[in-house]
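Worksheet: the structure to be examined is printed underneath.
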Amino acid sequence: MTDVLQRVRAAGMGDPGRTGRFGRYGGGYVPESLVETCRQVAEEFRQAWSDPGFRESLTRLLTVHAGRPTPLTPASRLSTELGIQLLLKREDLTHTGSHKINNALGQALLARRMGRSRLIAETGAGQHGVATATAAALLGLRATVFMGERDIERQALNVFRMQLLGAEVVPVGTGSRTLSDATSQAMRHWVGVTDQAHYCIGSVVGPHPYPWMVRTFQRVIGDEARGQCARELTSAVPDYVVACVGGGSNAAGTFAGFVDTSARLVGVEAAGGAGAAHGRDGVLHGARSRFLQDDGGQIVEAHSIAAGLDYPGVGPEHAHLRDLGRARYEAVSDDEAVAAVIRLARTEGIVAALESAHALAWVIRAAGAGELPPGATVLLTLSGRGDKDVAALKDRSALKEPA
């Protein structure tokens with residue numbers, strides 16, 4: 002572990018430099034027409050982040066509008082059942098109901114600083130779309146959100162919330178009609194409107210500087226949690242830090258607060274979208290990372306009951322952490338995630354988003370298998386609340402007793 006920590010401190014979860022590379026991953030594989038735009042975004046972000054006035058404005062918005070800091074909730078009854086000490090970082094209690102608001106507010110502030118009047122976004126579960134629509138309304142910007150037709154059907158509540166907030170929701174009917182296709186369409190649209198619009202990517206994916214910028218805006222999760230764990234735990238640092246991974250923004254933000262500690266980092270993917278665990282090196286949406294591919298190198302469609310995890314790859318920094326051995330990536334099934342939602346609801350009175358439930362499902366599995374030793378301390382980020390998933394849960398006969 003000591004060697005790994007030294008390598009991470011030297012190469013991981015910091016500023017990737019102007020190449021935007023985390024080891025062999027990352028970079029900027031974009032059309033010629035977007036090269037200068039990405040360079041401008043990177044430079045503007047670098048200047049903004051070093052500007053105390055920008056940081057103060059963001060901190061104030063996160064405090065008075067988003068409701069930070071979010072609490073750290075001991076999951077007492079479930080901990081007793083599992084024989085561990087489980088602490089929940091409650092991003093589900095932010096305004097708009099997920100961690101996505103941290104990044105959306107940061108990028109909206111940056112867009113206004115750059116003189117842009119519009120935000121473009123993609124969304125899967127709808128949480129990033131709602132966060133973007135919220136940030137745009139708050140700061141007087143227009144918002145256009147691209148969303149796969151399949152996700153529009155299963156996340157109707159969030160579609161209505163975006164429209165209520167004044168955003169235009171653009172259906173995407175190509176490919177699998179999910180998050181990956183929405184991302185592709187949003188990038189194509191951005192090419193023609195770069196002088197007026199900022200592309201507010203919602204996860205740690207895409208060309209440089211997005212993986213670095215989004216992780217930086219989400220780092221508030223890990224930094225808060227580290228201070229809270231120091232007050233809650235006699236060991237100060239948990240034995241395990243666990244978060245769900247689609248593109249991986251909530252996990253990257255959480256891991257960043259603990260990457261230089263002894264905590265074991267675990268990212269949990271959907272079994273049908275496990276890019277970090279089962280993918281291969283490739284390029285998609287402007288960055289080199291690990292993606293699900295067939296033998297011919299074509300991207301394979303992902304599937305998950307959690308729309309936010311329905312992505313065929315993982316952010317480049319996660320791929321780098323995996324290669325370094327600093328983080329491990331596991332996959333759980335739809336059924337395990339549904340069972341985890343029910344178990345948390347009935348032991349702690351919390352209805353988690355299906356995305357977050359994947360992380361919890363791994364904790365339940367690992368505790369049951371003895372992989373988590375008795376008394377182990379576990380920090381788990383609840384990235385969002387489950388209101389949006391009620392219809393999906395009803396379809397899966399969720400009111401049956403969990404196994």
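Throughout the sequence shown, residue numbering follows our numbering, covering 2 to 404 in sequence. Virtual Cβ for every residue (Gly too), placed ideally from N, Cα, C.
Can you tell me whether residue i is helix, strand or coil according to DSSP?
i	result
Asp261	coil
Tyr30	coil
Leu293	coil
Thr217	helix
Ser334	coil
Thr97	coil
Cys39	helix
Thr348	helix
Gln86	strand
Val170	strand
Ala109	helix
Asp282	strand
Glu270	strand
Arg327	coil
Tyr241	strand
Ile235	At residue 235 the sequence reads Thr, which differs from the Ile that was named. Residue state, collapsed to three classes: coil.
Cys364	It should be pointed out that residue 364 corresponds to Val in this sequence rather than to Cys. In this structure, Val364 counts as helix in the three-state DSSP scheme.
Val379	strand
Ala76	coil
Ala288	strand
Arg69	coil
Judging by CA-CA distance, which residue of the options is the nearest neighbour of residue i?
i	options	result
Glu150	Arg232, Gln108 and Ser181	Ser181
Ala134	Ile153, Ala244 and Ile102	Ile102
Lys395	Gly254, Gly29 and Asp336	Asp336
Leu106	Gly68, Thr74, Ala126 and Leu87	Gly68
Arg397	Ala307, Ser384 and Trp363	Ala307
Gln229	Gly27, Leu381, Gln299 and Arg143	Leu381
Gly287	Glu33, Ile343, Leu234 and Asp152	Glu33
Glu233	Arg40, Leu35, Lys90 and Ser58	Lys90
Ile202	Val243, Met188, Gly193 and Val192	Met188
Leu35	Val243, Gly193, Gly116 and Gly248	Gly193
Gly249	Ile365, Ala320 and Glu57	Ala320
Gly98	Val352, Ser236 and Ala231	Val352
Ser305	Ala354, His100, Ala328 and Phe161	Ala354
Thr195	Ile153, Ala43, Gly350 and Thr38	Thr38
Val31	Ser204, Ser185 and Val171	Ser185
Measure the C-alpha to C-alpha separation of residue i and residue j and round it to an integer number of angstroms.
i	j	result
Asp324	Thr95	33 Å
Thr262	Val238	7 Å
Gly223	Arg22	22 Å
Gly174	Ala168	19 Å
Gln48	Ala252	25 Å
Pro317	Glu356	20 Å
Pro374	Phe292	32 Å
Leu361	Ile121	32 Å
Arg114	Pro53	14 Å
Leu87	Ala368	11 Å
Arg29	Thr20	The displayed chain sequence assigns Gly, not Arg, to residue 29. Answer to the nearest angstrom: the Cα atoms are 8 Å apart.
His199	Thr81	47 Å
Val206	Glu123	12 Å
Gly62	Leu140	The question names Gly, yet the displayed sequence has Leu at residue 62. Approximately 11 Å between the Cα atoms of the pair.
With C-beta atoms as the reference, is residue i less than 8 Å away from residue j?
i	j	result
Ala136	Ala109	yes
Met148	Ala183	yes
Arg78	Ala392	no
Tyr312	Gly268	no
Val246	Glu270	yes
Gly27	His209	yes
Gly258	Arg220	yes
Glu225	Pro75	no
Val342	Ala358	yes
Leu383	Glu92	yes
Arg119	Thr145	yes
Tyr330	Ala278	yes
Asn104	Gln128	no
Lys389	Ala132	no
Can you name the residues that DSSP bridges to residue i?
i	result
His199	Leu120
Ile300	Gln294
Met148	Thr124 and Pro172
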